[in-house]
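With the numbering used here applied, the sequence shown closes on residue 445, and no number is skipped along the way.
Heads up, the beta-carbon is just placed ideally off N, CA and C, and yes, glycines get one too.
Below is one structure, written out as structure tokens; comments come after it.
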Amino acid sequence: MADMMLDAIDRRILKNLQEDGRMSNHDLAERVGLSPSPCLRRLRRLEQDGVINRYVALVESRTVGLDVTAFVRVRLDQQDDRHLAIFESAVADFPEVMECYLMTGDADYINGVAQVTTSFALRPVVYKTALPVDVDR
Numbered sequence: 309m310a311d312m313m314l315d316a317i318d319r320r321i322l323k324n325l326q327e328d329g330r331m332s333n334h335d336l337a338e339r340v341g342l343s344p345s346p347c348l349r350r351l352r353r354l355e356q357d358g359v360i361n362r363y364v365a366l367v368e369s370r371t372v373g374l375d376v377t378a379f380v381r382v383r384l385d386q387q388d389d390r391h392l393a394i395f396e397s398a399v400a401d402f403p404e405v406m407e408c409y410l411m412t413g414d415a416d417y418i419n420g421v422a423q424v425t426t427s428f429a430l431r432p433v434v435y436k437t438a439l440p441v442d443v444d445r
């Protein structure tokens, strides 16, 4: 992805699409203050430049029998590049792992190696899919 500058209109486009990725170009243009043609050009540029990665559907987990979200902390025995790569490759093969982050502090990752600690989400308190795009910047 190219290192690009996003102006206020680009940011408004991103903010609106994160709220509704299926919004028509006409509605998007109206919300960001453009006519449809320049809005579509900007949208295509954001897609081509890799700012917009893809469009997805967010599935309500309970409707498909996934009532529990678990957060698992993993501490590896060794944290050199080779062992990190082995772990990352292995954890990517588990469809149940929705996210995995390399961390600082006591835990290295998600998923069981040595001294795994788990927490279970009792209920969602805040769940956001949109990144906090500053539209005034």
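What does the Cβ neighbour count give for residue i, buried or exposed, with the cut at 16 atoms within 10 Å?
i      : result
Asp375 : exposed
Leu410 : exposed
Val372 : exposed
Ile321 : buried
Residues in the same chain with beta-carbon distance under 7 Å from residue i, minus the five sequence neighbours each way, listed in chain order, please.
i      : result
Ala337 : Ser343, Pro344 and Cys347
Closest to residue i by C-alpha separation, out of the options, would be which residue?
i      : options                           : result
Asp385 : Tyr363, Ile360 and Asp414         : Asp414
Thr412 : Val382, Arg370, Lys436 and Ala400 : Val382
Ile360 : Phe379, Ile394 and Asp318         : Asp318
Consult DSSP for residue i and reduce its assignment to one of helix, strand or coil.
i      : result
Ala400 : helix
Arg319 : helix
Val367 : coil
Val372 : helix
Ala337 : helix
Could you tell me whether the Cβ atoms of residue i and residue j are closer together than 8 Å?
i      : j      : result
Asp357 : Met406 : no
Can you give me the Cβ contacts of residue i inside the same chain, cut-off strictly under 6 Å, excluding the 5 residues immediately before and after it?
i      : result
Gln423 : Residue placement at Gln423 is poorly supported in this model, since its pLDDT is 40, which falls under 50; the coordinates still yield a value, given next. Result list for Gln423: Arg383, in chain order.
Val441 : Arg319, Leu322 and Lys323
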